[in-house]
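Comments concern the structure below.
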Amino acid sequence: NAGVMQNPRHLVRRRGQEARLRCSPMKGHSHVYWYRQLPEEGLKFMVYLQKENIIDESGMPKERFSAEFPKEGPSILRIQQVVRGDSAAYFCASSPVKGTNQPQHFGDGTRLSIL
Amino acid sequence: DAKTTQPNSMESNEEEPVHLPCNHSTISGTDYIHWYRQLPSQGPEYVIHGLTSNVNNRMASLAIAEDRKSSTLILHRATLRDAAVYYCILRGEISNFGNEKLTFGTGTRLTIIP
């Protein structure tokens with residue numbers, strides 16, 4: 032049983048480029064969550080998606096960031112025109128159903144470095 | 002979500018039990034208590050959760066105070082692999098979907114001494 036798969040594990044971009052981070056949830060999981068961890072800080076929620084729908088994007092920066100979870104394929108977190116402050120570890124989690132008693136299963140993250 | 006308070010760091014000797022405390026004095030009746038841990042260079046890992054009764058699983062035990070204002074994560078026999086940051090998180094019913102996110106604090110950094 033494969034866990035949550037994120038790729039790439041490491042991504043280097045120059046300022047102004049686009050970054051695409053991919054997340055394949057665990058088999059049978061239709062709920063996906065993205066979190067960001069800045070250096071030496073805790074994880075911060077960004078967005079919660081179900082298949083083809085954004086449910087809660089209260090943690091997403093207003094500009095340059097977008098997320099999708101299409102009917103087929105992985106969830107994508109897209110950062111346009113990256114800046115140095117976007118350097119962080121981005122983690123994806125999934126769960127089979129929603130609910131406050133449901134664990135979220137995390138991938139090992141994508142570490143984004145901006146030159 | 003209600004706030005939690007944890008010590009910044011703890012140390013324990015290998016092969017001894019570890020008790021990680023968490024205070025949550027403003028917990029509401031429907032808040033679940035979740036614990037996650039994050040090993041170096043890895044994503045968070047679910048450990049255990051509970052509502053009112055003590056819980057056991059293969060990783061740990063969760064002891065919940067009778068008034069639910071505090072809880073303790075118990076690792077029965079610490080190994081070097083248990084060195085991680087441990088997060089105590091409350092998840093409560095706020096709205097249909099607004100509470101799906103996990104709110105991570107700063108956690109407790111656990112060091113295991115060989």
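Protein chains in written order, with the working numbering: chain A, 32 to 146; chain B, 2 to 115.
Idealized CB from N, CA, C, for every residue including glycine.
Quantities reported herein were computed from a predicted structural model and do not represent experimental measurements.
Quick one: give me the first and last residue of the beta strand (DSSP E) that residue i is part of.
i	result
Pro22/B	Val19 to Asn24
Ser144/A	Thr141 to Ile145
Asp87/A	Asn84 to Asp87
Gln37/A	Met36 to Asn38
Glu94/A	Here Glu94/A belongs to no beta strand (DSSP E), and DSSP marks it neither H nor E.
Quick check on DSSP: helix, strand or coil for residue i?
i	result
Leu52/B	coil
Asp32/B	coil
Leu69/A	coil
Arg115/A	helix
Leu74/A	strand
Leu81/B	helix
Val128/A	coil
Glu46/B	strand
Drop a sphere of 10 angstroms on the beta-carbon of residue i, count the other beta-carbons inside from all chains shown, and report buried for 16 or more, exposed for fewer.
i	result
Val63/A	buried
Arg115/A	exposed
Ser42/B	exposed
Pro56/A	buried
Ile70/B	Note on identity: in this sequence residue 70/B is Lys, with Ile being the wrong assignment. So Lys70/B counts as exposed.
On the DSSP bridge list, what partners appear for residue i?
i	result
Thr112/B	Glu12/B
His41/A	Arg142/A
Arg51/A	Arg109/A
Glu101/B	For Glu101/B, which the question treats as bridged, DSSP gives no partner whatsoever.
Any heavy atom of the ligand NAD within a distance shorter than 7 Å of the CB on residue i?
i	result
Cys89/B	In the structure on display, the ligand NAD does not appear, and there are no ligands present to speak of.
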